[in-house]
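Here's the structure we're looking at; comments come further down.
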Amino acid sequence: MLTPFFYTLREAGVPASVTEYLTLLEALQRGVARFSVNDFYFLARATLVKDEKHFDRFDKAFTQYFKGIEQSFEHLQKALPEDWLKLLAQRHFTPEEMAQIEALGGWDKLLETLKQRLEEQKGRHEGGNKWIGTGGTSPFGHGGYNPEGIRIGGPGGKGKAVKVWERRDYRNLDDNVELGTRNIKVALRKLRRFAREGAADQFDIDGTISATARNAGLLDLKFQPERHNALKLLLFFDVGGSMESHVRVCEELFSACRGEFKHLEYFYFHNCIYESVWKDSRRRHGERTTLFDLLRKYQPDYRVIFIGDASMSPYEIMQPGGSIEHWNEEAGAVWLQRLTQRFQRFAWLNPEPQDRWDYVQSIGIARQLLAERMYPLTLHGLDDAIRALKA
Amino acid sequence: MTSKFEGTERYVATEDLMMAVNAAVTLARPLLVKGEPGTGKTQLAEEIARSLDKPLYRWHVKSTTKAQHGLYEYDAVSRLRDSQLGDAKVHDIGNYIIPGRLWEAFRSARQAVLLIDEIDKADIEFPNDLLLELDRMEFYVHETREMIQATHRPIVIITSNNEKELPDAFLRRCFFHFIRFPDAETMTRIIGVHFPELKRELLAEALNAFYKLRDVPGLKKKPSTSELLDWLKLLLADDIPPEALRTDDPRKSLPPLHGALLKNEQDVHLFERLIFLQRRQSRQ
Numbered sequence: 003m004l005t006p007f008f009y010t011l012r013e014a015g016v017p018a019s020v021t022e023y024l025t026l027l028e029a030l031q032r033g034v035a036r037f038s039v040n041d042f043y044f045l046a047r048a049t050l051v052k053d054e055k056h057f058d059r060f061d062k063a064f065t066q067y068f069k070g071i072e073q074s075f076e077h078l079q080k081a082l083p084e085d086w087l088k089l090l091a092q093r094h095f096t097p098e099e100m101a102q103i104e105a106l107g108g109w110d111k112l113l114e115t116l117k118q119r120l121e122e123q124k125g126r127h128e129g130g131n132k133w134i135g136t137g138g139t140s141p142f143g144h145g146g147y148n149p150e151g152i153r154i155g156g157p158g159g160k161g162k163a164v165k166v167w168e169r170r171d172y173r174n175l176d177d178n179v180e181l182g183t184r185n186i187k188v189a190l191r192k193l194r195r196f197a198r199e200g201a202a203d204q205f206d207i208d209g210t211i212s213a214t215a216r217n218a219g220l221l222d223l224k225f226q227p228e229r230h231n232a233l234k235l236l237l238f239f240d241v242g243g244s245m246e247s248h249v250r251v252c253e254e255l256f257s258a259c260r261g262e263f264k265h266l267e268y269f270y271f272h273n274c275i276y277e278s279v280w281k282d283s284r285r286r287h288g289e290r291t292t293l294f295d296l297l298r299k300y301q302p303d304y305r306v307i308f309i310g311d312a313s314m315s316p317y318e319i320m321q322p323g324g325s326i327e328h329w330n331e332e333a334g335a336v337w338l339q340r341l342t343q344r345f346q347r348f349a350w351l352n353p354e355p356q357d358r359w360d361y362v363q364s365i366g367i368a369r370q371l372l373a374e375r376m377y378p379l380t381l382h383g384l385d386d387a388i389r390a391l392k393a
Numbered sequence: 040m041t042s043k044f045e046g047t048e049r050y051v052a053t054e055d056l057m058m059a060v061n062a063a064v065t066l067a068r069p070l071l072v073k074g075e076p077g078t079g080k081t082q083l084a085e086e087i088a089r090s091l092d093k094p095l096y097r098w099h100v101k102s103t104t105k106a107q108h109g110l111y112e113y114d115a116v117s118r119l120r121d122s123q124l125g126d127a128k129v130h131d132i133g134n135y136i137i138p139g140r141l142w143e144a145f146r147s148a149r150q151a152v153l154l155i156d157e158i159d160k161a162d163i164e165f166p167n168d169l170l171l172e173l174d175r176m177e178f179y180v181h182e183t184r185e186m187i188q189a190t191h192r193p194i195v196i197i198t199s200n201n202e203k204e205l206p207d208a209f210l211r212r213c214f215f216h217f218i219r220f221p222d223a224e225t226m227t228r229i230i231g232v233h234f235p236e237l238k239r240e241l242l243a244e245a246l247n248a249f250y251k252l253r254d255v256p257g258l259k260k261k262p263s264t265s266e267l268l269d270w271l272k273l274l275l276a277d278d279i280p281p282e283a284l285r286t287d288d289p290r291k292s293l294p295p296l297h298g299a300l301l302k303n304e305q306d307v308h309l310f311e312r313l314i315f316l317q318r319r320q321s322r323q
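Chains as they are written, first to last, in my numbering: chain B, 3 to 393; chain F, 40 to 323.
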């Protein structure tokens with residue numbers, strides 16, 4: 003009987019497995035939750051969802067699937083207490099949402115429509131069970147722009163007007179991981195390549211034991227070089243201009259990288275990479291490293307990460323002389339290609355929110371040049387970037 | 040049938056938490072608890088043990104902890120020493136098998152509560168190494184060739200601070216509960232449990248100051264429940280009047296004893312700056 007519910011969840015993107023579903027059934031059979039939708043909701047959530055960032059999806063799917071069940075215990079109220087509705091709305095809507103409601107003709111009009119619709123629905127759903135306007139873009143909808151929705155049906159048996167799963171308390175948790183130095187470090191750890199190089203100065207217990215055993219019990223000491231992260235990393239940071247607003251997250255990424263990698267080199271550029279980059283922003287006009295030197299000096303086993311918002315005029319990438327700071331003989335695109343040819347494992351991290359990317363032409367161009375290896379500077383994006391760097 | 044967990048006089052459990060605990064107890068499956076630091080994850084296991092009157096075994100996981108440590112360890116060094124001294128004990132390898140926390144919980148005469156604290160601190164593979172042990176509640180001791188089976192499946196509470204993602208196979212075997220940061224109503228109940236004699240005005244002012252502080256955007260570490268409780272304890276010890284918590288006084292920019300709430304000098308700075316800006320605006 004619950005199998006369609008299980009599939010509704012999976013369609014909604016909740017990664018519930020069959021084992022978990024069976025666990026839920028077992029729990030129900032053992033009487034962990036009885037006679038109350040609330041209990042069932044809590045039980046199903048504890049069983050089927052294993053990550054708080056999926057709670058919101060679960061809540062939405064639950065609302066969608068069970069939108070009628072509960073009402074069969076309650077009676078639809080004939081007249082709508084207007085004040086109660088207003089009160090409910092004031093309590094649960096944010097000011098922005100209220101403003102949107104105003105935009106739709108204000109409260110009175112909205113309530114009128116609501117009443118009207120209620121009448122219609124009663125006609126159509128005799129004995130049925132449907133919340134008002136759960137579908138589509140209705141202002142009374144669930145999951146439209148109006149996330150709380152207006153539930154008609156009077157205060158429930160427990161006196162709660164909005165059900166727990168309809169409150170959607172967890173909507174902020176979906177993909178809202180704060181990026182801190184520690185988080186970045188944990189993510190970067192996946193990039194580790196341990197290797198032993200250099201002088202053998204560490205006592206090797208396992209080696210000593212097996213050598214001693216082979217030596218018929220006479221002690222045979224073994225030493226080995228210290229194990230450290232052998233991964234080599236080149237970082238290119240975009241500085242100045244539109245990057246000013248992302249300084250903090252870049253600082254954090256930089257300090258995390260510095261702590262994690264021994265072979266780390268970093269350079270700065272502005273907007274796009276041209277024939278030279280620099281290491282010290284105060285002396286950027288004097289001490290520059292030409293890109294040809296850089297391409298020769300660093301072996302192809304270096305991984306390359308660009309950090310920049312790639313937001314600029316398309317000319318700055320595509321045209322010779324397009325740079326806003328100097329006359330560049332060759333276009334930024336040419337230099338980018340040289341870099342990506344020499345260093346096959348690269349990724350571009352973009353601190354701009356990903357949903358804005360499509361509106362900036364230069365980001366599109368850069369993504370094409372980088373074979374789509376551009377990732378948002380979030381924990382999830384960092385994970386993807388690291389996967390690309392490892393491949 | 041085991042009795043139901045409904046919180047204790049020292050621990051306020053929300054409805055969803057009770058459901059998760061009771062499901063885990065009834066089906067004898069592990070319960071994974073996540074949440075902000077300081078929301079009482081570890082304490083939950085203690086309170087479950089207390090309220091259901093069961094012995095508690097704590098296993099605190101560190102970055103170097105291996106799954107094997109929870110099962111048993113073979114103390115080869117003592118055995119080597121004993122063999123040098125010609126001790127008769129040396130002939131029985133069982134004398135050198137030291138049981139871990141899991142083993143202790145398995146062989147407890149009554150059903151036990153086992154707390155695996157901060158599982159995310161250990162290596163990424165750590166949870167995978169415990170799959171079978173937690174599923175079947177048994178493991179094999181190679182040295183002595185014996186099978187250790189739980190007489191009563193223990194109630195396993197696992198806490199995580201979300202520092203690492205846990206493997207799917209592991210998650211599938213657990214019940215999951217995320218301890219949300221308590222809303223003001225639950226918080227008042229929690230404080231009532233800890234400081235029953237707290238004055239009403241002081242509580243209202245303190246909660247007000249506390250939630251305002253949590254709402255400051257950009258704080259590196261938001262103060263948590265346990266920090267609020269510490270702060271209240273300090274306020275009580277210093278006998279600070281409720282009026283002092285209203286930060287309208289221009290000379291004092293921070294609430295008294297803020298050290299209990301803000302643990303990072305950057306946060307203290309940020310907060311001072313914000314208050315300064317706010318004042319300037321209100322004066323204009």
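We put the CB at the ideal spot given by N, CA and C, even for glycine. Here the structure is a predicted model, which means the values were calculated and not measured.
With burial defined as no fewer than 16 other Cβ atoms inside 10 Å of the residue's Cβ, what is the status of Glu157 (chain F): buried or exposed? buried
Just curious, the beta strand (DSSP E) that Ala349 (chain B) is in, first and last residue? Phe348 to Asn352
In this structure, how does DSSP classify Trp270 (chain F) when only helix, strand and coil are distinguished? helix
CA-CA distance, Gly74 (chain F) and Thr81 (chain F)? 11 Å
Where does Tyr317 (chain B) sit, in a helix, a strand or coil, going by DSSP? helix
Could you give the DSSP three-state label for Ala189 (chain F): helix, strand or coil? coil
Name the one or two DSSP bridge partners that Arg36 (chain B) has. For Arg36 (chain B), which the question treats as bridged, DSSP gives no partner whatsoever.
Within 10 angstroms of its Cβ, does Trp337 (chain B) collect 16 or more other Cβ (buried), or is it exposed? buried
Are Phe64 (chain B) and Ala46 (chain B) closer than 9 Å when you measure CB to CB? yes
Alpha-carbon to alpha-carbon, Leu26 (chain B) and Trp98 (chain F): 28 Å
Run the proximity test for Ile388 (chain B): is its beta-carbon closer than 8 Å to any non-hydrogen atom belonging to the ligand ADP? Because no ligand of any kind appears in the structure shown, any question about the ligand ADP cannot be addressed here.
Is DSSP giving Glu304 (chain F) helix, strand or coil here? helix
Buried or exposed for Pro69 (chain F), please, with buried defined as at least 16 other CB atoms from any protein chain shown within 10 angstroms of its CB. buried
Proximal residues of chain B, C-beta to C-beta of Arg211 (chain F) below 8 Å: Ser19, Thr21, Glu22 and Lys52
Among F:Leu237, F:Gly298, F:Glu244 and F:Asp278, which one has its Cα closest to the Cα of Pro262 (chain F)? F:Gly298
Please return the same chain residues whose Cβ sits closer than 8 Å to the Cβ of Glu332 (chain B), not counting the five positions on each side in sequence. Tyr276, Glu277 and Pro322
Mark Arg32 (chain B) as exposed unless 16 or more other C-beta atoms lie within 10 angstroms of its C-beta, in which case mark it buried. exposed
Is the beta carbon of Tyr113 (chain F) sitting closer than 9 Å to the one on Glu172 (chain F)? no
Strictly under 9 Å for the Cβ-Cβ distance: is Glu289 (chain B) near chain F by that measure? no
What is the rounded straight-line gap between the Cα of Leu169 (chain F) and the Cα of Asp159 (chain F)? 13 Å
Determine the chain B residues that contact Thr78 (chain F) at a beta-carbon separation under 9 Å, and present them in chain order. Under the 9 Å cutoff, chain B gives no residues; its nearest Cβ is about 12 Å from Thr78 (chain F).
Within chain F, partners of Leu220 (chain B) - CB distance below 8 Å: Within 8 Å Cβ-Cβ: nothing; Leu220 (chain B) doesn't reach chain F, min ~15 Å.
In whole angstroms, what separates the C-alpha of Gly109 (chain F) from that of Trp270 (chain F)? 36 Å
Is there at least one Cβ from chain B nearer than 9 Å to Ala299 (chain F)'s Cβ? no
Which residue's Cα is closest to the Cα of Lys251 (chain F): F:Leu83, F:Ala223 and F:Leu275? F:Ala223
Flag this pair as touching only if the region 197 to 215 of chain B and the region 308 to 319 of chain B have three or more C-beta atom pairs under 8 Å; answer yes or no. no
Residues that Arg229 (chain B) bridges to, as DSSP identifies them: B:Arg198
What number of angstroms, rounded off, separates the C-alpha of Lys302 (chain F) from the C-alpha of Ala393 (chain B)? 40 Å
Top-ranked residue by Cα proximity to Asp207 (chain F), from F:Leu95, F:Ser90, F:Ile163 and F:Asp254: F:Ile163
Which same chain residues, not among the five before or five after Gly139 (chain F), have their C-beta less than 8 Å away from its C-beta? Trp98, Gln107, His108, Gly109, Leu110, Tyr111 and Glu112
Distance, Cα to Cα, Leu50 (chain B) vs Gly133 (chain F)? 42 Å
Nearest chain F C-beta to Leu372 (chain B) closer than 9 Å, yes or no? no
So, using beta-carbon positions, are Ile309 (chain B) and Leu237 (chain B) closer together than 9 Å? yes
Among F:Met186, F:Ile218 and F:Glu185, nearest to Ser199 (chain F) - alpha-carbon criterion: F:Ile218
Of the residues B:Ile207, B:Phe239, B:Ala232 and B:Asp240, which one's Cα is nearest the Cα of Lys224 (chain B)? B:Ile207
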